[in-house]
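Following: one structure in C-alpha cells, then a few remarks.
Residue numbers (our numbering): 622 to 1081.
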C-alpha cells in the first residue's frame, strides 16, 4: 500500500492507519479549538445574548456542506479532500484554486490556534506570579513557535502518532468543557435574575451582528474537512468517513450551543455593562473570565482546557495543511518538495515542515483577526466549490460506489452553495481589509497556476 518512488508511473501514497475513533477525534479536535476559546468574546460582542443561536445557525449551515463531504469522502477517499474532488469535478484551474485557498485557510487557522495557545500560556504564567522574562506579546510568540515546532515534529513521525496525541488531548478538553457547562447551568439555576442577561437588548447590533459573529466563528465548524483530508490514511473509508463527519458535527454543535448559553446566562457583568460587552472586552480570555465567576478553580481549569484545545486544533490543522500541500505537490500544483514521502516514516515530512514555517511567519507578521476572517472566506468559497463538485461528479461518475449519498439531492448542495456564498460576500464587505486580502491571495494563486504550475502539470 505504501510506495515512495520517483517513477512517474507509480503513485506516491500514504498508509491506512486511522480508525473511526481516530478520525472522529481529529474532527472534534479541530472544531473545538480557537473558535470557542479565542473567538467567543469577539463573537459575543457582535451577537449579544443570541450567541448560542449564532452557533446553532452555523451548525445548520455547515451541515449542508458536510453531507457533500460525506458522499465524496465515501467514494473518493484521498489526501487533499476537497481539492481533489473539485479538481476531478470542475477541472484544473478550479481544482488548483480549491487547494490554494484550502492551504491558506489551514495555515491561517494554525497561526490563529498558535497565537491562542501563546496568549493562554502567558495567562497561565501570570497566575503563577513569576515575573515575565519578556513582554506578554513576545512571550506569546515564543510559546507559539515552540508548540508549532512540537506538533510539526509529531506529525512528521506519522498519522497514527499524531492521532494518538490528538485523541488524548481532545478527550481531556471535552471533559473539562462538559464540567464547565454543568457549573454554568448550576449558576443559572441559582440566579433568579439570569433571564435579564438574555432579555436586555436581544439584538444589540441587529441581525448583521449575528451574521458577523457567525462569519468570525465559522472556522470552528470546518473540522469535518480535515476528516476528508485524511481519506488516504483511513481504514474502511467508505463507511468511516461519513460516520466520523456526522458524529463530530453533532457533538461539537451541542457543546458550542451549551457553552454559548451558559457564558451569557451565568456571567454577572460589572455594574453598567452588558454581559456581552464584558465578554467582548475580555477578548481571547473571555471564557476564562466566565469560568472564574462560577466554577471552582475555573480560571486554571479552563486555561488548561484552552491550551489542550488549541493544541489539538493545531495538531489537526498542521496535519491537514500538510496533506493539502502534499496532494498539490504530488499533482505538480506546488513545488515537488511538497509531494515527497519520507522513505522510512512514510509521511509527507517536507510538506509538514514547509507548512509549519508558513504558519510561524504568518503568526508573527500578519494582523491575525483580519486574516482569520479571510481564512473563513476561503473555507466558504471552497465549500461552495465542493457542493458544485458533488453535483457534477454524480453526473460524470455514476458508476463509483457511494457509501453515503446526499439526501434530497440536489437541493441540499444548492442550499450549501447559496448560504456559503452569501456568508463569504457578507464577510468580505463588512470587515475592513478582508475582501482585499482574499482577492490578493486568489489572484496570486491564479497567476502562479497559469504562469507555471499548469505547464508543469501538463508535462507530468
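Backbone N, C-alpha and C fix where the C-beta goes; we use that ideal spot for every residue, glycine too.
Please read these numbers as outputs of a predicted model, since none were measured by experiment.
Integer-rounded CB distance, given that residue j should sit under 8 Å from residue i
i: residue 716; j: residue 704; result: 6 Å
i: residue 1014; j: residue 693; result: 7 Å
i: residue 734; j: residue 938; result: 6 Å
i: residue 1075; j: residue 713; result: 6 Å
i: residue 885; j: residue 798; result: The Cβ separation is near 16 Å, so there is no contact.
i: residue 1031; j: residue 818; result: About 42 Å separates the two Cβ atoms, so there is no contact after all.
Distance between residue j and residue i (C-alpha atoms, nearest Å)
i: residue 707; j: residue 690; result: 11 Å
i: residue 740; j: residue 1067; result: 35 Å
i: residue 906; j: residue 688; result: 34 Å
i: residue 754; j: residue 760; result: 8 Å
i: residue 862; j: residue 855; result: 8 Å
i: residue 977; j: residue 751; result: 30 Å
i: residue 1077; j: residue 663; result: 44 Å
i: residue 772; j: residue 936; result: 6 Å
i: residue 681; j: residue 970; result: 36 Å
i: residue 953; j: residue 878; result: 42 Å
i: residue 947; j: residue 719; result: 14 Å
i: residue 627; j: residue 702; result: For residue 627, the predicted model reports a pLDDT of 43, less than 50, meaning its position is unreliable; a value from the coordinates is still stated below. Roughly 23 Å separates the two Cα atoms.
i: residue 1050; j: residue 967; result: 44 Å
i: residue 1069; j: residue 1012; result: 28 Å
i: residue 870; j: residue 842; result: 8 Å
i: residue 643; j: residue 883; result: 30 Å
i: residue 1022; j: residue 860; result: 11 Å
Own chain, CB closer than 6 Å to residue i, minus 5 neighbours either side, in chain order
i: residue 890; result: 896 and 899
i: residue 745; result: 924
i: residue 580; result: Lying before the first or after the last residue shown, residue 580 is absent from the chain, which here runs from 622 to 1081.
7 Å Cβ shell around residue i - same chain, five flanking residues per side excluded
i: residue 840; result: 656, 730, 993, 996, 997 and 1000
i: residue 762; result: 739 and 985
i: residue 737; result: 655, 658, 659, 905 and 931
i: residue 1048; result: 836, 994, 997, 998 and 1055
i: residue 916; result: 801, 804 and 922
i: residue 943; result: 776, 969, 972, 973 and 976
i: residue 651; result: 844, 847, 934, 937 and 938
i: residue 926; result: 794, 797 and 798
Beta-carbon contacts of residue i that lie in its chain and below 8 Å, excluding the five residues immediately before and after
i: residue 866; result: 648, 687, 690, 691, 694, 845, 848 and 849
i: residue 1008; result: 685, 686, 689, 1034, 1035, 1037, 1038 and 1041
i: residue 956; result: 950
i: residue 1028; result: 688
i: residue 630; result: The predicted position of residue 630 is uncertain, since its pLDDT is 40 and thus under 50; no value can be drawn from it.
i: residue 1006; result: 703, 707, 711, 715, 718 and 719
Residue i - partner residues in DSSP beta bridges
i: residue 639; result: 855
* Touch test, the region 732 to 749 against the region 959 to 975, Cβ-Cβ under 8 Å, three pairs minimum -> As far as the Cβ criterion goes, the region 732 to 749 does not touch the region 959 to 975, which means the pair count is below three.
* **Cβ contact (3+ pairs, closer than 8 Å) linking the region 763 to 772 and the region 795 to 813** => Segments in contact, no.
* Asked: Is the region 822 to 835 touching the region 916 to 927 in the sense that three or more CB pairs, one from each, lie closer than 8 Å?
  -> No: the two stretches stay apart, fewer than three of their Cβ pairs being nearer than 8 Å.
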